[in-house]
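A.B. asks: In terms of my numbering, the sequence shown is residues 1494 to 1789.
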Amino acid sequence: EAGAVALLVYNNEEGPVNGTLGEVNDNYVPSGGITQADGEALAALDGQEITLELRALMEERTTYNVIAETKTGRKDNVVMAGAHLDSDPAGPGINDNGTGSVALLETALSLGSKPKVNNAVRFAWWGAEEFGLVGSTYYVNSLSFEEQLDIALYLNFDMIGSPNAGYFVYDGDDSAQEGSGPGPYGSAQIEQAFVDYLENEVGVATGEKDFDGRSDYGEFIAVGIPSGGLFTGAEGIKTEEEAELWGGTAGEAYDSCYHQACDDLGNVDRVALARNADAMAYVIGTYALSTEDVNG
Ligand code: PHE
Ligand code: ZN
Ligand code: ZN
Ligand code: ZN
């Protein structure tokens, strides 16, 4: 309703805030709990004078990244893989991102602490992704330039078991879509490694997902570290063509419980999760042996 918009905001102030929606948005960051319908309603108010009621006050917390690295392998050519461990406050966050977190944990446990690998493997479970990629951005910026150079590549896993799944691989070469640009040099090879495994070994067609900046690879590509990863879709709508390829329901979201209370244990396509967990383990294992195709 124009004139009185209520949003959850992270700002330690009370009372109404006046301004146009653009001005309000510049000063107050909405929580992750906004649905697509909210977004459309807000877009309709753009440019109008509104009053924003601050309903939820900022809560300050310390959050953590959890990082584990193999004892074996070169420390100057590290294969890094990450998944965010936090969830949107609206729900338990099982697809987003229990799926990526648990598959990564399973991969780490299977690899063990002293695998016979050429390159060290570093696993990261990021904190506070939902609040603006906070943990991963902090981590990358905490590294010296030398330490950044020691990371051969970064693999990201955020939502890999969506209930109406697509099989998307981050688009390292940006061959098809406009807008986001390719990943750093070497990212095209990472994309190909995932595509080869999923298409030839698992037998599922893949689609491409732009590096649109919405997950923890953001700061890695910003500093030039080759990146890739998997994604089964969030609030986007599955097309007819995709439903032909992958099954599921055209015209519905890949994850209709995205950032909602119903993102619970029932909100996982276990076949998609298993396939993507296999691809994750395979690609991490391959790069643990050699990153030749990515960085010569
Ligand atoms: N990072 C988004 C979230 O956690 C989901 C997402 C992942 C969107 C990957 C696009 C690409 O809500
Ligand atoms: Zn999320
Ligand atoms: Zn996520
Ligand atoms: Zn591509």
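Built from N, CA and C at the ideal position, the CB exists for glycine as well.
Given 6 Å as the limit, tell me if asparagine 1590 has its C-beta closer than that to any heavy atom belonging to ligand 3.
C.D. replies: In the sequence shown, the residue the question calls residue 1590 occupies position 97. True, at least one ligand heavy atom lies under 6 Å from that Cβ.
A.B. asks: How would you label alanine 1681, buried or exposed, when you count the other beta carbons within 10 angstroms and need 16 or more for buried?
C.D. replies: Here residue 1681 is taken as the residue at index 188 of the sequence shown, counted from 1. Burial call: buried.
A.B. asks: According to DSSP, is glycine 1740 part of a helix, a strand, or is it coil?
C.D. replies: The residue given as residue 1740 occupies position 247 in the sequence shown. Of the three classes helix, strand and coil, the one that applies to glycine 1740 here is coil, per DSSP.
A.B. asks: Mind checking whether the beta-carbon of aspartate 1569 lies closer than 6 Å to any heavy atom of ligand 2?
C.D. replies: Here residue 1569 refers to the residue found at position 76 of the sequence shown. False, no ligand heavy atom lies under 6 Å from that Cβ.
A.B. asks: At a cut of 8 Å, does the segment 1745 to 1756 reach the segment 1577 to 1596 through at least three beta carbon pairs?
C.D. replies: yes
A.B. asks: According to DSSP, which residues form a beta bridge with methionine 1573?
C.D. replies: The count along the sequence shown starts at 1 and reaches residue 1573 at position 80. According to DSSP, which records beta bridges pairwise, methionine 1573 is partnered with Arg1615 and Tyr1647.
A.B. asks: On a Cα-Cα basis, can you pick out the residue from Gly1659, Ala1686 and Ala1772 that is closest to phenylalanine 1724?
C.D. replies: Translated into positions along the sequence shown, residue 1724 becomes position 231. When each option's Cα is compared against that of phenylalanine 1724, the closest is Gly1659.
A.B. asks: Does the distance from the CB of methionine 1773 to the CB of alanine 1576 come in under 7 Å?
C.D. replies: Counting from 1 along the sequence shown, the entry for residue 1773 is found at position 280. Counting from 1 along the sequence shown, the entry for residue 1576 is found at position 83. Contact: no.
A.B. asks: In terms of residues, what are the limits of the alpha helix (DSSP H) holding glycine 1628?
C.D. replies: What you label residue 1628 is simply residue 135 of the sequence shown in a count that begins at 1. Run containing glycine 1628: 1627 to 1635, per the alpha helix (DSSP H) assignment.
A.B. asks: Could you spell out where the alpha helix (DSSP H) holding valine 1761 opens and where it closes?
C.D. replies: One-based indexing of the sequence shown puts residue 1761 at position 268. Here valine 1761 belongs to no alpha helix (DSSP H), and DSSP marks it neither H nor E.
A.B. asks: Could you give the C-beta distance for leucine 1636 and aspartate 1709, rounded to a whole number, given that I count them as a contact under 8 Å?
C.D. replies: Position 143 of the sequence shown, counting from 1, holds the residue named residue 1636. Position 216 of the sequence shown, counting from 1, holds the residue named residue 1709. Not a contact, Cβ separation roughly 14 Å.
A.B. asks: Count the CB pairs spanning the segment 1685 to 1703 and the segment 1611 to 1622 that are closer than 8 Å, and state whether there are at least three.
C.D. replies: no
A.B. asks: Could you tell me the distance, in whole angstroms, from the CA atom of asparagine 1649 to the CA atom of alanine 1574?
C.D. replies: Residue numbering aside, residue 1649 sits at position 156 when the sequence shown is read from its first letter. Residue numbering aside, residue 1574 sits at position 81 when the sequence shown is read from its first letter. Straight-line Cα distance between these residues: approximately 6 Å.
A.B. asks: Quick one: Cα of aspartate 1569 to Cα of glycine 1721, how far?
C.D. replies: Residue 1569 sits at position 76 when you count from the first residue of the sequence shown. Residue 1721 sits at position 228 when you count from the first residue of the sequence shown. Looking at the two C-alpha atoms, the distance is approximately 20 Å.
A.B. asks: Taking the C-alpha atoms as reference points, what is the distance between valine 1662 and asparagine 1769?
C.D. replies: For this step, residue 1662 is matched to residue 169 along the sequence shown. For this step, residue 1769 is matched to residue 276 along the sequence shown. One C-alpha to the other measures close to 10 Å.
A.B. asks: Would you give the residue range spanned by the alpha helix (DSSP H) that alanine 1601 belongs to?
C.D. replies: Within the sequence shown, residue 1601 is the residue found at index 108, counting from 1. Alanine 1601 -> alpha helix (DSSP H) spans 1592 to 1604.
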